[in-house]
Structures are given as structure tokens and as C-alpha cells.
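In what follows, a single structure is set out as C-alpha cells and then discussed.
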Amino acid sequence: KVQHELTYSKSSEIVKQLLGVDQPTKAKARIRSLQGKGAGAWLEAVPSSQEFALNPCNFCLATRMRLGCPMPLTSVVGDLKCDCGKPLDPDGYHLLTCKTGGGPVRTHNMVASVWSECMKHLDKKIIQEPRNRSQNSDDRADIAVFDVSNGDSFELEIAIAHPLCLDVLSKAPHDDGT
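Under the working numbering, residue 178 is the last one in the sequence shown; the count climbs by one each step, no gaps.
Below you can see the structure in the form of C-alpha cells.
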């Protein structure tokens with residue numbers, strides 16, 4: 001318990017120092033995101049099936065991103081471009097959000113699949129991507145869930161966002177609270 005308190009105290013002091021230094025918004029956002037509840041849970045997680053296991057290369061890349069280290073080759077080769085034509089950034093954020101490579105779509109579909117399976121295990125009837133959600137909208141839920149025992153229903157909308165992508169950062173409050 002004492003070790004935990006001392007470690008927490010020292011870690012909090014280091015975080016305050018890092019956030020107080022004149023750093024880019026992305027660096028401060030990364031440090032803040034590391035403090036979120038469960039932010040490091042993936043480091044201790046045991047995959048429930050092989051499809052959730054990180055291969056050594058992906059684990060290395062995820063660890064580099066967590067530590068704020070540049071991605072391999074981006075600083076050595078320079079001018080690397082994504083299939084969409086945009087340059088690859090040393091932090092690797094573009095590849096996490098670019099829809100051309102399909103990464104966010106695959107992640108979205110995998111998360112939706114896991115939620116669907118969870119609902120099935122709870123004996124709920126599900127419809128994936130139900131049609132006619134709204135008469136006035138092309139938008140649709142990812143999963144409609146029905147509880148046949150009591151007639152309750154709800155919809156799940158899965159949204160995948162990277163906390164450090166430019167769209168999210170541009171909406172985040174500034175250090176002065178604005």
C-alpha cells in the first residue's frame with residue numbers, strides 16, 4: 001500500500017511537470033489520455049480468442065504510440081504516403097483514422113460484432129444495421145436489441161474515434177479552459 005501511494009504521488013508529480021512544459025497540444029492530449037480509467041488495461045488483458053491477440057509487431061507499434069515514440073521508418077525514409085495520398089505522420093495517427101486503409105472500419109465492425117455476441121449471450125434478439133430507423137434520416141443504428149421477455153428494445157450506435165486525431169483535438173478545451 002505504501003509503495004502504491006509513493007508511486008502514485010511521484011507519477012502525479014511527473015504528469016504535472018509534463019503538462020506544465022511548453023508542449024504541443026497532441027503531446028498534452030496523449031499524456032492526459034494515458035491517465036484515463038482503463039487506459040493501460042490492454043497491457044494486462046488476456047485475449048479471449050486469437051482474433052483479439054496482438055502480434056508482436058502490432059504490440060510494439062501500440063507500445064511506441066503509448067510512449068510517444070515515433071513510428072519506425074517515418075523519420076528514416078521520409079515522404080511515406082498512405083494509400084489515400086496523405087503523408088504518414090511520425091506518430092502514426094493518420095493510419096488510425098484513415099478510412100482508405102480500412103482500419104477504423106474493421107475496428108468498428110469488430111466492436112459491433114462483440115456487442116452483438118454479448119447481447120445474444122444475454123438472450124436478446126438482435127438485428128444488425130436495422131433499416132428504416134427514421135423516416136427522415138439515412139442514419140441507422142449498428143445494432144437493434146430486443147428483449148422478448150418484456151418487450152423492451154434499444155439501439156446501439158458504435159463510434160470509433162482516436163483521442164488524438166485532429167477532429168477530436170480541435171474540439172477539445174484549451175489549457176486556458178476555452
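Just so it is clear, CB atoms sit at the ideal spot from N, CA and C, and this is done for glycine as well.
(Q) Check whether the region 81-92 and the region 100-112 touch, using three or more Cβ-Cβ pairs below 8 angstroms as the test. (A) A contact exists between the region 81-92 and the region 100-112.
Q. So is H4 buried or exposed if we call it buried at 16+ other beta carbons inside 10 Å?
A. Reading the sequence shown from its first residue, position 4 is the one you call residue 4. Counting Cβ neighbours within 10 Å, H4 comes out exposed, since fewer than 16 surround it.
Q: May I ask you to report which of helix, strand or coil DSSP gives A39?
A: To locate residue 39, count along the sequence shown from 1; it is residue 39. When secondary structure is reduced to three states using DSSP, A39 falls in the coil class, being assigned neither helix nor strand.
(Q) Please list the terminal residues of the continuous beta strand (DSSP E) segment that includes K125. (A) In the sequence shown, residue 125 corresponds to position 125, counting from 1. For K125, the enclosing beta strand (DSSP E) covers residues 125-128.
Q | Sequence-distant residues of the same chain with beta carbon closer than 8 angstroms to A39, five excluded per side | A | Numbered from its first residue, the sequence shown carries residue 39 at position 39. S33.
Q) Would a C-beta distance cut-off of 8 angstroms place W115 and I160 closer than the cut-off? A) As a working note, residue 115 is residue 115 in the sequence shown. As a working note, residue 160 is residue 160 in the sequence shown. Cβ atoms of W115 and I160: not closer than 8 angstroms.
Q) Which of helix, strand or coil does DSSP assign to Q34? A) Here residue 34 corresponds to residue number 34 of the sequence shown, with the count starting at 1. Residue 34 is actually Leu in this sequence, not Gln. In the three-state reduction of the DSSP assignment, L34 falls in the helix class, which pools H, G and I.
**Q.** contact_flag[the region 6-22, the region 55-75] where n(CB pairs < 8 angstroms) is 3 or more
**A.** Cβ pair count under 8 angstroms is below three, so no.
Q: Name the residue from H121, E129, L122 whose alpha carbon lies nearest to the alpha carbon of L156.
A: Numbered from its first residue, the sequence shown carries residue 156 at position 156. Proximity to L156 across H121, E129, L122 peaks at E129, based on C-alpha coordinates.
Q | Spatial distance of L54 from S113 (CA atoms) | A | To locate residue 54, count along the sequence shown from 1; it is residue 54. To locate residue 113, count along the sequence shown from 1; it is residue 113. Rounded to whole angstroms, L54 to S113 spans 18 angstroms at the Cα level.
Q) Hey, how far is the Cα of A29 from the Cα of V148? A) Here the question's residue 29 lines up with position 29 in the sequence shown. Here the question's residue 148 lines up with position 148 in the sequence shown. Distance between the alpha carbons of A29 and V148: 44 angstroms.
Q. CB-CB under 6 angstroms to V180, same chain, minus the five flanking residues each way: which ones, in chain order?
A. Residue 180 lies beyond the range of the chain shown here (1 to 178); nothing can be said about it.
(Q) Just to confirm the assignment, what range does the alpha helix (DSSP H) spanning I14 have? (A) As a working note, residue 14 is residue 14 in the sequence shown. Note, I14: alpha helix (DSSP H), 2-20.
**Q.** Residues sharing a beta bridge with E155, DSSP
**A.** As a first step, residue 155 is located in the sequence shown; it is residue number 155 there, counting from the start. According to DSSP, E155 bridges with A144.
**Q.** F184 to Y93 span [Cα, whole Å]
**A.** Look at the range of the chain in this structure, 1 to 178, and you will see that residue 184 is not part of it.
Q) Taking the alpha helix (DSSP H) that K106 falls in, what are its first and last residues? A) Here residue 106 refers to the residue found at position 106 of the sequence shown. Position check: residue 106 holds Arg in this sequence, whereas Lys was assumed. According to the DSSP assignment, R106 belongs to the alpha helix (DSSP H) that extends over 103-121.
Q) Do Q35 and V15 have their CB atoms nearer than 8 angstroms? A) The count along the sequence shown starts at 1 and reaches residue 35 at position 35. The count along the sequence shown starts at 1 and reaches residue 15 at position 15. Q35 places its beta carbon less than 8 angstroms from that of V15.
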